[in-house]
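Chemist:
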Amino acid sequence: MNTSEDFIGQNALISYLSDNNNRTTKSYWRFLKKHRDIIIASIDITFTSTFLDNWKNLDNLWTIQIIKEYRENLISTEEYNEKENVVPANSSDNDHFISIKNQSISNSSHSRKNIEIPIKNHSISTENNSKNFQLINFCYNILQELDIKSNIHPFYEISNENIKNSMDLFTIISKLENNQYASIEEFEKDICLIFRNCYIYNDIGSEMHILGEELESTFNKIWTEKIDFQVKQKENLKRTRNNDTDSSSELVTKQIRILEQNKDKLVYRQVVNDAFLIVSAYENLVANNILPFIELLKTFLSTRSQISLSSANEPVLQAIVENLLPLKYCIPELSLVMDGTKLKGFGRFGYSDIFILKGIGNNNISLELKYIPLVGLIKNQKKKFNTNNLENLDKIIEKEDEKILLKRSYEYWSKEHNETKKITIEEILNNGIKQLKSYMNIISKGNTNDYYSSGIFDKRIKITKSNPNKLKGFVILVIGFRRILWKSVEEITSNYLYEKI
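Numbering (my numbering), first residue to last: 146 to 646.
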């Protein structure tokens with residue numbers, strides 16, 4: 146150890162961290178790879194328990210010091226918390242690194258080195274798809290278990306020039322790190338190549354030959370257990386899906402039987418007719434035709450009592466619309482993070498009134514609902530009024546020219562300003578269009594995992610990457626119970642698939 150060093154390898158460690166090249170990919174694993182000469186030169190190379198104790202102590206010391214130096218000398222505390230790429234020390238074999246003593250294969254002697262295999266969550270490209278990520282985890286788990294149950298150290302790095310198709314654990318780990326395995330069969334083939342070379346280039350009965358046989362036996366047992374477990378998982382998943390399909394088929398069969406038995410009863414016929422209207426309106430809506438849905442909404446509103454004209458509001462409209470859509474494909478009040486830089490109550494969050502999943506259709510649909518109570522319109526004409534006055538106004542508005550209707554003034558109480566405000570119906574409609582566009586832009590961004598960025602933040606919906614698809618939107622403005630205005634907004638392309646959980 147250099148006299149200026151507080152611990153073995155300190156100067157090399159600081160030099161490694163101070164290097165500006167590849168600063169975002171620095172890790173304890175890469176430090177060991179680059180400075181393996183320190184490992185060899187600084188430790189008594191004798192294959193004894195003392196050696197193992199010394200190595201574990203130094204291993205823990207380096208891990209702690211690399212974090213300390215990185216924190217104190219190179220990055221601020223805030224940057225450290227967000228971007229740290231150093232693996233913390235831990236006495237647990239599962240959370241730390243697998244200690245490897247490397248021996249070159251030779252019939253006469255074996256030179257030994259101390260290296261480490263990184264655990265499965267070491268620096269791997271985040272661009273791997275989920276299939277490759279699962280493959281890499283599977284292979285690292287096998288290497289970890291293999292190290293715990295047998296002596297894999299002599300097979301870590303092989304430097305015998307006589308071997309034609311050389312293979313060792315260092316090469317396998319490098320291939321895993323660079324995402325070069327397309328299947329677990331390729332990984333298994335490389336592992337088996339290590340055993341085959343061991344048997345070819347080492348005499349039967351030699352130390353290396355025996356170690357190879359022991360390692361192969363352990364590997365085969367671990368491999369069989371892992372593969373069997375995967376097969377059972379797939380079988381259980383398939384069985385669960387089949388059971389769900391069978392249950393669904395049984396339910397449909399039962400429903401058809403009940404309908405057949407009660408086909409002459411008026412109540413059953415009416416329920417079926419209502420269901421067909423809802424399904425038809427939904428299918429047209431996701432095909433970008435809103436008219437059948439508007440007609441269905443008008444029909445439902447026409448059944449409301451005259452007395453409720455004075456109390457109807459947007460929550461009432463929201464509840465009605467929710468009941469006119471298939472539950473499986475409707476997500477009311479979809480939670481969104483609009484702008485993570487703003488405070489709660491000042492534009493950070495938003496809620497899309499109705500988000501409709503396309504199901505078998507072509508488009509996901511976002512609905513913005515606006516309701517104008519007749520009370521706010523009649524106040525401009527009469528200070529005193531009753532339900533009859535409201536019903537008469539409702540009938541007038543039903544047939545009123547749209548241009549005239551849009552110019553009507555609506556009076557409401559503003560909680561924000563603590564005073565009565567006036568606004569035209571046209572302004573309300575335009576505000577709804579603007580609001581809907583902003584919601585659709587956020588929805589098209591997919592998920593957000595926190596409150597500090599923008600995107601969907603709702604546990605009721607599953608979002609995955611997909612081919613481009615269309616996101617369309619409509620503003621539905623209801624006045625009283627007889628008049629409905631609607632406007633479509635420009636469609637947006639989304640690269641996500643939305644599913645209700």
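Every residue gets a Cβ at the ideal spot worked out from N, C-alpha and C, and that includes glycine. Model, not experiment: these values are computed from the prediction.
1. Less than 6 Å between C-beta atoms, sequence neighbours within five positions excluded: which residues of the same chain meet that for Glu361?
2. For Gln451, is the classification buried or exposed, using 16 other Cβ atoms within 10 angstroms of its Cβ as the cut-off for buried?
3. What does the Cβ neighbour count give for Ser633, buried or exposed, with the cut at 16 atoms within 10 Å?
4. Using a Cβ-Cβ distance under 9 Å, would Phe494 count as near chain B?
5. My understanding is that Gln580 touches Glu635, with C-beta atoms under 8 Å, so please give their C-beta distance in whole angstroms.
6. Does DSSP classify Ile345 as helix, strand or coil?
7. Using DSSP bridges, identify the partner residues of Cys337.
8. Roughly how many angstroms separate the alpha carbons of Glu478 and Ile637, rounded to a whole number?
9. Could you check where the alpha helix (DSSP H) with Thr532 kicks off and where it finishes?
10. I need the DSSP call for Phe192, collapsed to helix, strand or coil.
11. With a threshold of 8 Å, are at least 3 pairs of Cβ atoms found where one atom belongs to the segment 412-419 and the other to the segment 447-465?
12. Give the DSSP-derived three-state secondary structure of Glu272 in the structure shown.
13. Quick one: measure Cβ to Cβ for Arg449 and Phe626, integer angstroms, because I've assumed they're closer than 8 Å.
14. Taking C-alpha atoms, which residue in Phe602, Asn286, Ile629 lies nearest to Phe619?
15. Quick check on DSSP: helix, strand or coil for Thr448?
16. Assuming Asn614 and Ser583 form a contact by the criterion Cβ under 8 Å, report the distance between their Cβ atoms to the nearest whole angstrom.
17. Within 10 angstroms of the Cβ of Lys566, are there 16 or more other Cβ atoms? Answer buried if so, exposed if not.
18. From the DSSP output, read off the bridge partner residues of Val634.
19. Tell me whether Lys443, by its Cβ, gets closer than 8 Å to a heavy atom of the ligand SAM.
20. So what does DSSP say about His255, is it helix, strand or coil?
21. Look up Asp373 in the DSSP assignment and say whether it is helix, strand or coil.
22. Report the rounded CA-to-CA distance for Lys309 versus Asn342, giving the unit in angstroms.
23. Does the pairing of the segment 278-288 with the segment 324-340 give three or more beta-carbon distances under 8 Å?
24. With which residues is Glu513 paired in a DSSP beta bridge?
25. Give the secondary structure of Asn594 by DSSP, where H, G and I count as helix, E and B as strand, and everything else as coil.
Modeler: Result, derived from the coordinates:
1. Counting from one through the sequence shown, the residue named residue 361 turns up at place 216. For Glu361, where only same-chain residues beyond five positions count, the Cβ hits under 6 Å are Phe340.
2. The sequence position of residue 451 within the sequence shown is 306, counting from 1. Exposed, since its Cβ has fewer than 16 Cβ neighbours within 10 Å.
3. Position 488 of the sequence shown, counted from the start, is the residue given in the question as residue 633. Result: exposed.
4. The structure shown contains no chain B; it holds only a single protein chain.
5. Working through the sequence shown from its first residue, we reach residue 580 at position 435. Working through the sequence shown from its first residue, we reach residue 635 at position 490. With 8 Å as the limit, Gln580 and Glu635 do not qualify as a contact, their Cβ atoms being about 14 Å apart.
6. The sequence position of residue 345 within the sequence shown is 200, counting from 1. Helix at Ile345.
7. As a working note, residue 337 is residue 192 in the sequence shown. Paired residue(s): none; Cys337 is not in a bridge.
8. The residue given as residue 478 occupies position 333 in the sequence shown. The residue given as residue 637 occupies position 492 in the sequence shown. Between Glu478 and Ile637, the C-alpha separation is close to 20 Å.
9. The sequence position of residue 532 within the sequence shown is 387, counting from 1. Its alpha helix (DSSP H) spans residues 532-544.
10. If you number the sequence shown from 1, residue 192 lands on position 47. Reliability fails at Phe192, whose pLDDT of 41 lies under 50, so the model's placement of it is uncertain and the value that follows must be treated cautiously. Note: Phe192 maps to coil in three-state DSSP.
11. no
12. Indexing the sequence shown from 1 puts residue 272 at position 127. Interpretation of Glu272 is limited by its pLDDT of 40, a score under 50 that renders its predicted location unreliable; the figure taken from the coordinates is listed afterwards. DSSP places Glu272 in coil when its eight states are reduced to three.
13. Within the sequence shown, the letter at position 304 stands for residue 449. Within the sequence shown, the letter at position 481 stands for residue 626. With 8 Å as the limit, Arg449 and Phe626 qualify as a contact, their Cβ atoms being about 5 Å apart.
14. Residue numbering aside, residue 619 sits at position 474 when the sequence shown is read from its first letter. Comparing Cα positions, the closest option is Ile629.
15. To locate residue 448, count along the sequence shown from 1; it is residue 303. Residue state, collapsed to three classes: coil.
16. Mapped onto the sequence shown, residue 614 falls at position 469. Mapped onto the sequence shown, residue 583 falls at position 438. In fact, because the Cβ distance is near 20 Å, the residues do not count as touching under 8 Å.
17. Locating residue 566 in the sequence shown gives position 421, counting from the first residue. Result: exposed.
18. For this step, residue 634 is matched to residue 489 along the sequence shown. Answer by DSSP bridge pairing, in chain order: Gly618.
19. For the ligand SAM, the structure offers nothing, since it holds no ligand at all.
20. Translated into the one-based positions of the sequence shown, residue 255 becomes position 110. Unreliable positioning characterises His255 in this predicted model, as indicated by a pLDDT of 37, which lies under 50. A coordinate reading is not provided.
21. The residue you call residue 373 lines up with position 228 of the sequence shown. Asp373: helix per DSSP, three-state reduction.
22. Here residue 309 refers to the residue found at position 164 when the sequence shown is read from its first residue. Here residue 342 refers to the residue found at position 197 when the sequence shown is read from its first residue. Distance between the alpha carbons of Lys309 and Asn342 is about 9 Å.
23. yes
24. By one-based count along the sequence shown, residue 513 stands at place 368. DSSP, once it has assigned bridges, lists Val620 as partnering Glu513.
25. By 1-based counting over the sequence shown, the position of residue 594 is 449. Three-state result, Asn594: coil.
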